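Report on one structure; see the data block that follows.
Residue numbers (our numbering), protein chains in the order written: chain A, 7 to 512; chain B, 410 to 979.
Below is the structure:
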């Protein structure tokens, strides 16, 4: 019979009459006990050995205990120092004794409390007085705890008195744990196999080209690995979690028939705000809310559109329409800003500026960065991704809007959408969207939506209905993942460990 | 969004209801007023969108609730008494703030609550319609303390809106006890510091005088002489600003609030050089709304009399007219406190709110379109896949950064002829010193991530595909934007070859020929940097980062890196 090396050694070391533990056998065959255990189970499976298991308590010394083993328990050191200083006759000053006993840090307190507990004497007015008269059992030279420590160190934990063991445990000097002890005995088949002769099969470390071409692989055993051991950490590359989320959103929208938009990050306020019927003195249009750029004004704006937008602001749209009572100048419209929303793209597309005149029906979206001069905190960044989408059709109602968004949010586990009537300068009716948090069940704001006003659409030359909505991608990500600080993932303060270990979106 | 503090007991009294707090809150939510919390005095803090500015007071909210409860229906307009007082606009009025309006309210029973509510309404109107007093500012005075100058005929009394030299007439401002000139007020008074910028640069400051002298310095502060107390019975309300319509509407909102407290509104003549206005102007306006538009926008079939009912419950009046082919239209009358109705569509929204939007059944729109990704976004995704396949951790950094990160710490100068060296688009009024420009290149962002993660396991192979921009006057926006691909390899044995090997793999994946002629770039070690040339076009740079740059970023191991334009792979 040919068996792997460890199995052969184990078989030879085992006995049919004596039950021997794996630990003893591992020592004897000079092999790792994990490997021997595995070999034992394999031999058992082959019917050559029986393996028995029983539970046993193991006791191990802590680091502190190891130190006391060398130096003596603190209370014993204090006692000896006290005796040396003659404190069995009168008292000796504690300060001196602490030094003489070499007690440091917490050892002082440990020494004093155990000194008293064990009846070695007492402490009075800073003096240590040795007095062993407390009882006949008090014997510092044969201290049961010290003896127990020594016994455990010598591997004779089994002989230690239970009381002393409990005491050491409560002092944090030993760790007690349950272990499984396995012992093996040769079976009759095992004895027979040994008598017939067992040989060591040749083992090789790796599959080599020679091994394969020569056919030698047929006669070899491969060295066993510890297949349970941890392997080296490999950090494979991974798409950024926010990109994954963006792509998930894009997939959903493309599936719902939306085309992706594209356009400039730095754009004229005309496209960013004026087309959206945001009055030029709107509070969100101050320098504190948007990022103006130090570049000359944008001259290339479609003049006829510019005039129509100005007229909408000043006079309103339609027979019964009123305009704003706010100043309007082309200087403001031409100022170049970093866009505060991607609705600037929607305006460029709806006006025909981006891809030519659009005929209904159309669906468009973008998941792109926008910039807000806001406070930087765990949930707000100066720049973030906005999901923007709109549907253009001959006739759209609030119910169509509700149906579209219900469908979209359900893809992300956000159900029971509620529509809270809201106000935006550019949509009417407008709704804040609230949904149930997938984890906590709380009602949370998940977006802003509405049907574009005629003051927005008419100047753009659109004479059908367009409904639109927007939300922050980061908000969706935080909902899906429960991130608490968005700065951990977005930006140069990101934690590489978090990015490497975060679960993928699917 | 505006937040108004409202005493719930006061609200209950004005509405005439005994609803408990919870019911009240849910009724308010249905109106669009969200309960945000309570003040220390137990007042509700209610937040709402800034369209219905007539709800900036407990009186205004109570009015809306009475409509909602069905206690009131249709348009209400308070009666007014004939004018006794006039405001004469003098030619010395600063041209920057030419408009004034006003009203008198008599027999008002203010009490502590009433005065608090009035002050809050004044502040909230300043913050919203008044554009922090720049567009419109409100002054409220004790009429009993004013002495009108005889005008027109014997009975009329007049006050003047005029200009005052900054160092001209003196008056005692509110919360002060010394006579000061307007210029002194700007220097010494807290509100002078806050609102002084509005009058900055004016030759003469706005001022209101009665027969005794200057009593108001709008938009900064009133005089102490006419201060309103809880026992004040008769009020003069004046408003000045840059737009007549805006201050007239603000005045209407204040008059409606005081009317709800039992005040009697008395008109005031506002006399300009070329025209005479009778204020407050409480006339209603009308809009024509088609029945068909209501049905298509809300997505319901509804009977004409039901629409009229909903309009009346929204505080509007309507008459139905049949035009043409059984086509219904509504002539809708809108009360003078509404500032949000610009278009018939705004009336449709009111109908929808009264109907209850949340009672509508969602439906998926029956229109079919073909979806698809933008070409650039597909290219970017393919490039990102290639990078990730090569083991790069994909990053996402801010587009905003500062010049020190882009240039100084990278050892380059914006005037150099090198990748990354361009004039960056600069923010006019940056939020913080850390974020002042849009990045001109991506490698500085990657080095910052390396710098912030030196405690994390190496190797660190990082990449990003993202936006970079530069000032370029050939572009319509004067900003040239492009997407770039950047990668760094931070490992104990990182070398130029490691970076180039990965570049080669990317070029092959996109079917591009790659050449790397040597170049000088101050961020890289001399002799270990090359231009990236894809299909004959120079699109970027590759090399070993200069030790100067590494040490600057607290890195203690070599880094090889590259950056090139994404469109090089197109």
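Beta carbons: idealized from backbone N, C-alpha and C, even for Gly. All values reported here derive from a predicted model rather than from experimental measurement.
Cβ shell of residue i (< 7 Å), same chain only, five flanking positions each side left out
i                      : result
residue 344 of chain A : 271, 272, 297, 299, 377
residue 832 of chain B : 823, 879, 880
residue 696 of chain B : 741, 743, 750, 753, 756
residue 506 of chain B : 615, 649, 650, 651
residue 587 of chain B : 581
residue 911 of chain B : 799, 896
residue 574 of chain B : 613
Same chain, Cβ closer than 6 Å to residue i, five either side skipped, listed in chain order
i                      : result
residue 493 of chain A : 499
residue 530 of chain B : 465, 466, 666
residue 64 of chain A  : 183, 185
Span separating the alpha-carbon of residue i from that of residue j
i                      : j                      : result
residue 753 of chain B : residue 430 of chain A : 16 Å
residue 189 of chain A : residue 165 of chain A : 21 Å
residue 841 of chain B : residue 812 of chain B : 13 Å
residue 487 of chain B : residue 658 of chain B : 15 Å
residue 287 of chain A : residue 452 of chain A : 28 Å
residue 91 of chain A  : residue 98 of chain A  : 7 Å
residue 398 of chain A : residue 472 of chain A : 4 Å
residue 206 of chain A : residue 217 of chain A : 19 Å
residue 26 of chain A  : residue 172 of chain A : 29 Å
residue 484 of chain A : residue 644 of chain B : 53 Å
residue 867 of chain B : residue 938 of chain B : 23 Å
Residue i, buried or exposed, once every other Cβ within 10 Å from all chains shown has been counted against 16
i                      : result
residue 773 of chain B : exposed
residue 612 of chain B : exposed
residue 761 of chain B : buried
residue 514 of chain B : buried
residue 201 of chain A : exposed
residue 805 of chain B : buried
residue 80 of chain A  : buried
residue 410 of chain B : exposed
residue 534 of chain B : buried
residue 682 of chain B : exposed
residue 570 of chain B : buried
residue 170 of chain A : buried
residue 112 of chain A : exposed
residue 556 of chain B : exposed
Reference residue i; option with closest CA among the options
i                      : options                    : result
residue 803 of chain B : B:698, B:871, B:540        : B:871
residue 367 of chain A : B:677, B:807, B:497, B:780 : B:780
residue 125 of chain A : A:116, A:136, A:442        : A:136
residue 526 of chain B : B:929, B:707, B:415        : B:415
residue 466 of chain A : A:414, A:350, A:511, A:413 : A:350
residue 583 of chain B : B:491, B:546, B:633        : B:633
residue 684 of chain B : B:793, B:697, B:653, B:917 : B:653
residue 694 of chain B : B:746, B:672, B:861        : B:746
residue 857 of chain B : B:508, B:958, B:867, B:830 : B:958
residue 808 of chain B : B:482, B:874, B:444, B:618 : B:874
residue 96 of chain A  : A:348, A:131, A:111, A:113 : A:131
residue 77 of chain A  : A:108, A:358, A:333        : A:108
residue 457 of chain A : A:439, A:463, A:433        : A:433
residue 980 of chain B : A:204, A:74, A:194, A:501  : No information on residue 980 of chain B is available, as it lies outside the stretch 410 to 979 that chain B covers here.
Within chain A, partners of residue i - CB distance below 8 Å
i                       : result
residue 900 of chain B  : Simply none; closest approach about 11 Å.
residue 1063 of chain B : Any property of residue 1063 of chain B remains undetermined from this structure, which presents chain B solely from 410 to 979.
Chain-ordered neighbours of residue i on chain A, where CB pairs are closer than 9 Å
i                      : result
residue 782 of chain B : 256, 260, 265, 266
residue 919 of chain B : Neighbours of residue 919 of chain B on chain A: none; closest Cβ ~18 Å, over 9 Å.
residue 761 of chain B : 404, 427, 435
residue 736 of chain B : None at all; the shortest Cβ gap to chain A is about 16 Å.
residue 777 of chain B : 263, 367
Residues near residue i by beta carbon distance below 8 Å, same chain, minus five either side
i                      : result
residue 935 of chain B : 929
Contacts of residue i in chain B (Cβ-Cβ under 8 Å)
i                      : result
residue 243 of chain A : 796, 797, 798, 799, 800, 801, 802, 803, 870, 872
Interface partners of residue i on chain B, CB under 7 Å
i                      : result
residue 301 of chain A : 834, 880, 887, 888
Cross-chain neighbours of residue i in chain B, by beta carbon under 9 Å
i                      : result
residue 412 of chain A : 771, 773
For the stretch 808 to 819 of chain B, which residues have a CB atom closer than 7 Å to at least one CB atom of chain E, in sequence order? Among the protein chains in the structure shown, which are A and B, there is no chain E.
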